[in-house]
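> Below is one structure. I have some questions about it.
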Amino acid sequence: MVRRKKIVLFLVFPLVLLILLLWTFLSIEKNLHAYSIYYAQHVPHRTGTDPVMCAVIDNLDNIYIPELNKKSHVERWRDVVNFVSNKKGDITYDFIQTVINVELSKTAQLSVGFPQYNPIGPKVKYQIIYSTGKAGTSFYNFEHSESQCLSFDFSGRLMYISNLDNKGFYNLRKKTTDLSLKNIENWKRDAYSIIVKKRKVPSIKLQFLYNWLNYKRFNS
Numbered sequence: 004m005v006r007r008k009k010i011v012l013f014l015v016f017p018l019v020l021l022i023l024l025l026w027t028f029l030s031i032e033k034n035l036h037a038y039s040i041y042y043a044q045h046v047p048h049r050t051g052t053d054p055v056m057c058a059v060i061d062n063l064d065n066i067y068i069p070e071l072n073k074k075s076h077v078e079r080w081r082d083v084v085n086f087v088s089n090k091k092g093d094i095t096y097d098f099i100q101t102v103i104n105v106e107l108s109k110t111a112q113l114s115v116g117f118p119q120y121n122p123i124g125p126k127v128k129y130q131i132i133y134s135t136g137k138a139g140t141s142f143y144n145f146e147h148s149e150s151q152c153l154s155f156d157f158s159g160r161l162m163y164i165s166n167l168d169n170k171g172f173y174n175l176r177k178k179t180t181d182l183s184l185k186n187i188e189n190w191k192r193d194a195y196s197i198i199v200k201k202r203k204v205p206s207i208k209l210q211f212l213y214n215w216l217n218y219k220r221f222n223s
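As structure tokens, then:
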């Protein structure tokens with residue numbers, strides 16, 4: 004009888020431990036994503052990078068969305084496509100995850116101005132698109148109604164600015180000095196400041212872990 008209890012304990016204990024470890028890992032991962040804006044506001048970073056913008060766009064499917072219209076939520080589990088908007092319908096959020104050649108690819112899109120899929124309404128004022136695939140191919144494109152596209156690297160550092168030609172293509176690259184950095188910051192503020200202002204503060208803070216995981220990204 005004692006031997007049987009020992010055998011049961013020997014089998015059950017590793018299983019319980021595994022479950023606890025898995026639960027801990029998932030809880031930490033959820034915490035880092037859900038409160039990423041708070042962490043990004045306090046992470047050490049080099050001048051020119053933008054941890055907050057990266058946190059907003061990277062985690063559209065995890066962060067708190069102010070004034071969320073739950074009825075707008077569309078989720079197609081087969082393609083892992085999600086779409087939500089705020090109650091006014093002037094901010095929409097899309098995030099798509101696909102697997103290509105066994106590699107996870109994610110596209111997140113934030114549209115500000117008017118409902119993106121309203122064909123008769125005014126065009127979108129701001130649109131930020133984040134795409135990630137293989138290492139080194141992640142980027143952000145910030146498009147706005149003045150027919151300009153700002154391209155940022157994976158750390159949120161501005162790389163170049165393009166103008167939209169009369170054929171609908173962004174093909175003229177301008178030097179970053181041709182556009183006021185103050186204007187760029189104002190556009191960012193207009194695009195997602197409401198999300199940043201309403202960001203949640205974690206009850207269990209993992210700032211040290213967030214800093215460690217993102218140090219190279221924002222300091223290289």
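Residue numbers for the sequence shown follow our numbering, beginning at 4 and rising by one.
Idealized CB from N, CA, C, for every residue including glycine.
Source: prediction; values computed, not measured.
Mark K219 as exposed unless 16 or more other C-beta atoms lie within 10 angstroms of its C-beta, in which case mark it buried.
K219 counts as exposed, since fewer than 16 other C-beta atoms from the protein chains shown sit within 10 angstroms of its C-beta.
> Say whether chain C places a C-beta atom closer than 7 angstroms to the C-beta of V204.
Within the model displayed, chain C is absent; a lone protein chain is all it includes.
> State the DSSP-derived secondary structure class of S206, mapped to helix, strand or coil.
The three-state secondary structure of S206, taken from DSSP, is coil.
> Give the single residue among P17, Y41, K185 whose Cα lies nearest to the Cα of I198.
Comparing Cα positions, the closest option is Y41.
> The alpha helix (DSSP H) that contains L184, what's its start and end?
That run of the alpha helix (DSSP H) goes 184-200.
> According to DSSP, is V84 helix, strand or coil?
At V84, the pLDDT of 47 sits below 50, so the modelled position is not reliable and the matter cannot be decided from this model.
> Quick one: grab the DSSP three-state call for S39.
helix
> What would DSSP say about N214, mapped onto helix, strand or coil?
helix
> Can at least three beta-carbon pairs, one atom from the region 184-198 and one from the region 50-59, be found at a separation below 8 angstroms?
With the rule of 3 Cβ pairs closer than 8 angstroms, the region 184-198 counts as touching the region 50-59.
> Looking at the unbroken alpha helix (DSSP H) that takes in V55, where does it start and where does it end?
54-61
> For the 8 angstroms Cβ check, are there 3 or more pairs between the region 58-68 and the region 22-31?
Short answer: they don't touch.
> Hey, how far is the Cα of K203 from the Cα of Y67?
7 angstroms
> Would F46 and N214 qualify as a contact pair, given that the criterion is a beta-carbon distance under 7 angstroms?
The amino acid occupying residue 46 in the given sequence is Val; Phe does not appear at that position. Cβ atoms of V46 and N214: closer than 7 angstroms.
> Would DSSP call S30 helix, strand or coil?
helix
> Buried or exposed for K185, going by 16 or more other Cβ atoms inside 10 Å?
By the beta-carbon neighbour count (other beta carbons within 10 angstroms, threshold 16), K185 is exposed.
> If you reduce the DSSP assignment to three classes, tell me which class F157 lands in.
coil
> Can you check whether the CB of N65 is closer than 7 angstroms to the CB of A37?
A37 places its beta carbon less than 7 angstroms from that of N65.
> Grouping DSSP H, G and I as helix and E and B as strand, with all else coil, what is P17?
In the displayed model, P17 falls within a helix according to three-state DSSP.
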